[in-house]
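Chains as they are written, first to last, in our numbering: chain A, 7 to 118; chain B, 1000 to 1112.
Structure, as structure tokens:
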């Protein structure tokens, strides 16, 4: 089955800095890669996703890039704010979209 | 309001005592799934259902059962809970398959003594 590795496990930045979280996946056939944000004590929520026919996608301060050759994808957050502090999970889904395999998560701490 | 609900939200039980965690969604979603979240392990898929009467195993199905008799409900059953099933459980649903946004329930924190 699919295996998703996520790094780093924790990331501390100053407000206004950029943050980058990286994930690698094992199944070259995977073609859907969402990112979820989980605030403390809350449920995960989708923040952005990308499909394998796209190399990059942006939504305001958030962007995701995908390198299918290297089998890795990354989340980029610019101009970080304290409310960006949360655990971020990457995930991958194989063709057929029947299952979703998550990475272990990255705790992002943004200090004022 | 569109939502996924789970009950109970918190449960403390003892080894071997059968329990059911309910999950219900009001968005007419075909796809429903159960995940467990453990520190350092992220979210792991237990079971999923692509439609009524269609269920399949995820990555960690041992010790769990599910059923999908109605489109809106997807209960998780622990026939004989053990301490290693102590975890935070999330139900999620999406339109069609996982290639669409998964809407998560509020979570159920289960402790098995």
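Every residue, glycine too, gets a C-beta built ideally from N, C-alpha and C.
Helix, strand or coil at residue i according to DSSP, with G and I counted as helix
i	result
residue 90 of chain A	helix
residue 14 of chain A	coil
residue 1084 of chain B	helix
residue 1108 of chain B	strand
residue 1024 of chain B	strand
residue 105 of chain A	coil
residue 99 of chain A	strand
residue 40 of chain A	strand
residue 1014 of chain B	coil
residue 72 of chain A	strand
residue 57 of chain A	strand
residue 1099 of chain B	coil
residue 25 of chain A	strand
residue 64 of chain A	strand
residue 1002 of chain B	coil
residue 1066 of chain B	coil
residue 1094 of chain B	coil
residue 1089 of chain B	strand
residue 1073 of chain B	coil
residue 120 of chain A	Residue 120 of chain A is absent from the model: chain A starts at 7 and stops at 118.
residue 117 of chain A	strand
9 Å Cβ cutoff, residue i in contact with chain A
i	result
residue 1096 of chain B	yes
residue 1067 of chain B	no
residue 1071 of chain B	no
residue 1105 of chain B	yes
residue 1034 of chain B	yes
residue 1047 of chain B	yes
residue 1042 of chain B	yes
residue 1039 of chain B	yes
residue 1057 of chain B	yes
Min CB distance residue i to chain B below 9 Å
i	result
residue 80 of chain A	no
residue 31 of chain A	no
residue 119 of chain A	It is not possible to answer for residue 119 of chain A, since the shown part of chain A is limited to 7 through 118.
residue 110 of chain A	yes
residue 99 of chain A	yes
residue 55 of chain A	yes
residue 40 of chain A	yes
residue 67 of chain A	no
residue 106 of chain A	yes
residue 52 of chain A	yes
residue 20 of chain A	no
residue 7 of chain A	yes
residue 61 of chain A	no
Closest Cα partner of residue i within the set the options
i	options	result
residue 1072 of chain B	B/1034, B/1096 and B/1027	B/1027
residue 69 of chain A	A/109, A/84, A/104 and A/12	A/84
residue 1001 of chain B	B/1092, B/1096 and B/1099	B/1092
residue 108 of chain A	A/17, A/41, A/15 and A/25	A/41
residue 46 of chain A	A/57, A/91 and A/101	A/91
residue 1082 of chain B	B/1037, B/1066 and B/1033	B/1037
residue 1024 of chain B	B/1095, B/1090, B/1111 and B/1096	B/1090
residue 1012 of chain B	B/1080, B/1048, B/1062 and B/1040	B/1080
residue 1050 of chain B	B/1015, B/1007, B/1030 and B/1061	B/1030
residue 1033 of chain B	B/1085, B/1108, B/1075 and B/1016	B/1075
residue 1004 of chain B	A/101, A/49 and A/105	A/49
Nonlocal neighbours in the same chain, by C-beta distance under 7 Å from residue i, ignoring five residues either side
i	result
residue 87 of chain A	21 and 116
Proximity test, Cβ basis, 9 Å: residue i and chain D
i	result
residue 1100 of chain B	No chain D appears in the structure shown, which is made up of the protein chains A and B.
The ligand GDP heavy atom lying under 8 Å from the CB of residue i
i	result
residue 1003 of chain B	Among the components modelled here there is no ligand, and therefore nothing to report on the ligand GDP.
Own chain, CB closer than 6 Å to residue i, minus 5 neighbours either side, in chain order
i	result
residue 1058 of chain B	1043 and 1044
| What alpha helix (DSSP H) runs, 4 residues minimum, are completely inside the segment 1023 to 1064 of chain B? | none
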